Amino acid sequence: MTRLLSFFLLAAGLALTAACSRPEPTVAQADIDALAREIRALGPDVSAEEASRAAQIAYTYSLQLKKEYNVTDPPIIHNAKVINGFRERGLCNHWAEDLKKRLDRERFRTLVVHRAIAPPAGFHVIHHTAVISRRGDDIYHGVVVDPWRYGGLLYWAPTTQDDTYSWRPRSEVLQEMLEAKLARQAAVSD
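Residue numbers for the sequence shown, in mature numbering (1 follows the signal peptide of the UniProt record, and there is no 0): -18 to -1, 1 to 172.
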């Protein structure tokens, strides 16, 4: 009887462990190809080779960052770990910064990588991402590549078709934030 009980407890423990563990995300070549097609469609002068390379890097580097940041939880929980000192990196601005740096190392001739910010709105806190566009275009004519949203599994969409966030150029949002901060400081000192 003790052996039978031990067996059932072991089986239950294994089942619980299996249910709680998540498999490492993988990327299908079809997903990479779909992103490459979307980037290529940004304009007739976009290099097919550069679009493919950008898509490959965006997907694979996002998974690499997931490992480097030791992401084991959904993004909001991981953010709390970073804020409380349990993890070093992994906030959305880290993902955006690191992905942009990696893509910029490619020195694309026909593409450019931007930073974008979605200001706080409703239940959403401020969010940062990278956007790939055709050289000469702005973020509104690009593709959002957001590795933070799903904790390392890349989300992408044309910037204006992202139903979750309203993206704006990073420099514009930062300027507004600085002006608001200076106005608050001036109001306090008066």
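Cβ coordinates follow ideal geometry from the N, Cα and C atoms, glycine included.
All values derive from a computational prediction rather than experimental measurement.
Count the other CB atoms within 10 Å of the CB of residue i; is the residue buried (16 or more) or exposed (fewer)?
i: H96; result: buried
i: E32; result: buried
i: S44; result: buried
i: V53; result: buried
i: D144; result: buried
i: A98; result: buried
i: K48; result: buried
i: R91; result: exposed
i: D80; result: buried
How about residue i and residue j: do their beta carbons lie closer than 7 Å?
i: V126; j: T142; result: no
i: A112; j: A78; result: yes
i: G124; j: S115; result: yes
i: P57; j: G133; result: yes
i: S34; j: A18; result: yes
DSSP on residue i, reduced to helix/strand/coil?
i: W138; result: strand
i: T54; result: coil
i: A165; result: helix
i: L93; result: strand
Nearest to residue i by alpha carbon, out of the options?
i: Y122; options: R152, L156, Q38 and R71; result: R152
i: T8; options: Q38, D80, I21 and D120; result: Q38
i: R150; options: A168, D120, D80 and K163; result: D120
i: C74; options: E88, L85, R87 and I59; result: I59
Give the DSSP bridge partners of residue i, in chain order.
i: P151; result: A98
i: I114; result: V95 and V125
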